[in-house]
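Here is the structure we will look at.
Residue numbers (the numbering used here), protein chains in the order written: chain A, 152 to 611; chain B, 738 to 1032.
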């Protein structure tokens, strides 16, 4: 009996083992089938289009971030290709990351980047295609762009990047603060002395005259302070010899004088740019020196929902205007601005040498720089088109209309010297600005240190 | 036969090898490479070196006269002390208090541990709003209490304290959980015996809890001190580039600044070597001072 039970148990056990093995086999077959199906599925998806790796600065607070995303989606839909977008807000870390990616052969296929000194290393290494080389094979490449507006590289004078829009740097004004302080709206003849006198009045009325975070983003004042002291406008686009940098030292001294006169907010050395911008939009500061892209930021600040333009408070926006930057009375007039075309789309050699990606990259740049797209991107700023279509004023907000009107009074645009003065050279006067204005470091010493780094980098 | 397979240790090597190779490739090779980099000229991350510095130890000499590096070392040292005194200190206090309550222990454990699960970047942004000059939370509170001028919580005179408060606050929960676990391992009978002998609650903490928690506290102190050398994210979000006026540099933030912002990669590498050296020395000192005891 016991033996029979034992045999029966063995049979049950063997049967269970067989069932178990069968289940395992079925499971294995199922897994293999699924893996193969997904493999072929992936291949099938891949066969539909090419995936482009794209890096741009159209991200975060950038006023064109939404236009870019819309354009990207449109191109994907039209071509069946896909974009692996790694766009990020532009700052020094972003620039370093892009340049490092080139060094490590991890560059994207298409890049929207600066055309100044920041691009030197990958242009020198032959890692991006010149527009001339691309047109040799694709004659229609950027054919709608005015060649005279293509920014050229300081490495070899060739054009590599296709711009979407120009920029200018000017002084935004909170007219409500000006009115309360009893200061008139500055015009095209705005002088430095008048500006300092206005700042004094604004300060006495209990406002911060200039919204700027010198410890964070001194770039704009740095640029104009030097520009104001140049002997000629053209001199501003050339790096002077270290012993002939008087305009640079004088510029830094001017910012120091402004700081000492209390032109900046009390926390200018400890605040971030975002914080001082808030002072401006919250009627606590009168002037804001910034780029044409800041129009989007100001408009956004006047919307209850920054993502929904229909929530724009037009009354709040009406108090903002844009005007000229005070002149020192030397070569530069108040209506001579910093501006031009300083960024654009590059196609990398990596994409060019990949037969699958080459055509897609050309198609992508052509799509993103088509007339329609450029009109959307340029908005109130200059566009690089050969034949610019009429701007539909009804589609613009009040500040954009003022900006377009303002731009018609500009007498000249000069490129920013900081674009050809590499990042590390700017450190002693950018990051060192708080030390300069507080007197910890002499302006001449900080400028000399920057020039020494520049000389070393040129020697290499 | 079956038991013999456990005597043969050779197969274990196959399981240890992948992790070992991973460590060699991704930790030790970069580490030694970094030491070499600190003697070379490297102007951009990812670029090859343009020869050796002249003299090859130039970065280390420069560091001796670099005022920002001195500030970073001083601040990091302060951060270590603050970590020991406040982070671990407050964690001990909270752990003992929570251990002594009858209801709500789990609630408080969750509450105090919660900051750990929030990313340091998010916390940095949060504290930026709290300390905001123009109508930040603290300034609004001060306004309610009658102050008519705004306080700049990020001014040079108070910046270091403003930076350390959230760093300390963030990690208290981490040490709190370690200490609570240690407290749970103390037998209840000891407390009962002490209570029968007439020991007050404070005496029980003083003569039972703290001595038996000593080894756990030592571990917390070692973790805190070595961790403070590596603090980066939260201070960088709140005080980028040593703002204001280079007063808030820490060794971690200063290393990042040179590597990523000024593109002086070899100097950044030299700072990284100093951080490692400091880590080894301080953990050795802390281990010696707070040596664990066998009970």
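We put the CB at the ideal spot given by N, CA and C, even for glycine.
Counting only runs of 3 or more residues that sit fully inside the region 247 to 323 of chain A, the beta strand (DSSP E) segments are 261 to 265, in chain order. With at least 16 other beta carbons inside 10 angstroms of its own, residue 359(A) counts as buried. Under the Cβ distance rule, residue 250(A) counts among the residues neighbouring chain B, one pair being separated by less than 8 Å. Beta-carbon to beta-carbon, residue 574(A) and residue 388(A) are separated by about 18 Å, too far to satisfy the 8 Å threshold. The criterion of a C-beta distance shorter than 8 Å is satisfied by residue 322(A) and residue 438(A). Within chain A, no C-beta atom comes less than 8 Å from the C-beta of residue 874(B); the nearest is roughly 14 Å away. Taking a beta-carbon distance threshold of 8 Å, residue 978(B) counts as an interface residue toward chain A. Interface criterion met: the Cβ of residue 998(B) is under 8 Å from a Cβ in chain A.
Cβ neighbours of residue 1024(B) within its own chain (closer than 7 Å, five residues either side excluded): 959.
Using beta-carbon distances, residue 936(B) does not count as an interface residue toward chain A, since no partner is under 8 Å. Within the region 370 to 430 of chain A, not a single complete beta strand (DSSP E) segment reaches 3 residues in length. Within the region 420 to 432 of chain A, 420, 421, 422, 423, 426, 429 and 430 place their CB atoms closer than 8 Å to a CB of chain B, listed in sequence order. Within the region 508 to 568 of chain A, the runs of beta strand (DSSP E) that reach at least 3 residues and sit entirely inside it are, in chain order, 563 to 565. A distance below 8 Å between beta-carbons, with the five flanking residues on each side excluded, links residue 791(B) to no residue of its chain. Counting only runs of 3 or more residues that sit fully inside the region 468 to 512 of chain A, the beta strand (DSSP E) segments are 471 to 474, 487 to 491 and 494 to 498, in chain order. Within the region 553 to 583 of chain A, those residues whose Cβ lies closer than 7 Å to any Cβ of chain B are, in chain order, 574, 575, 578 and 582. Look at residue 836(B): its C-beta is not under 8 Å from any C-beta on chain A.
Taking a beta-carbon distance threshold of 8 Å, residue 322(A) does not count as an interface residue toward chain B.
Residue 402(A) places its beta carbon less than 8 Å from that of residue 379(A). Of the candidates 247(A), 443(A) and 572(A), the residue whose Cα lies closest to the Cα of residue 558(A) is 443(A). Around residue 508(A), the same chain offers 201, 260 and 502 as residues with beta carbons nearer than 6 Å, after the five sequence neighbours per side are excluded.
In this structure residue 529(A) touches residue 316(A) by the C-beta definition: roughly 4 Å separates them, less than 8 Å. Unbroken alpha helix (DSSP H) stretches of 4 residues or longer found wholly inside the region 756 to 790 of chain B: 766 to 774, given in chain order. Annotation for residue 436(A): no alpha helix (DSSP H) segment contains it, though the beta strand (DSSP E) segment containing it runs 436 to 442. Contact annotation, residue 295(A) with residue 522(A): C-beta distance approximately 6 Å; criterion of less than 8 Å satisfied.
Within the region 888 to 901 of chain B, 889, 890, 891, 892, 893 and 896 place their CB atoms closer than 9 Å to a CB of chain A, listed in sequence order. The continuous beta strand (DSSP E) containing residue 359(A) extends over residues 359 to 361. With respect to the 8 Å criterion, residue 497(A) and residue 279(A) are classified as neighbours on the basis of their beta carbons. For the pair residue 1003(B) and residue 861(B), the CB atoms are not nearer than the 8 Å cut-off. Three or more Cβ pairs drawn from the region 226 to 238 of chain A and the region 513 to 521 of chain A lie within less than 8 Å of each other, which places the two stretches in contact. Residue-level contact by beta carbon holds for residue 255(A) and chain B, with a gap shorter than 8 Å. The criterion of a C-beta distance shorter than 8 Å is not satisfied by residue 920(B) and residue 956(B). Residue 1001(B) has a beta carbon lying within less than 8 Å of a beta carbon in chain A.
Residue range 804 to 819 is occupied by the alpha helix (DSSP H) that includes residue 818(B). Ranked by Cα distance from residue 975(B), the options 848(B), 797(B), 837(B) and 869(B) are led by 869(B). Membership of residue 202(A) in the beta strand (DSSP E) is indicated by the continuous run 202 to 206.
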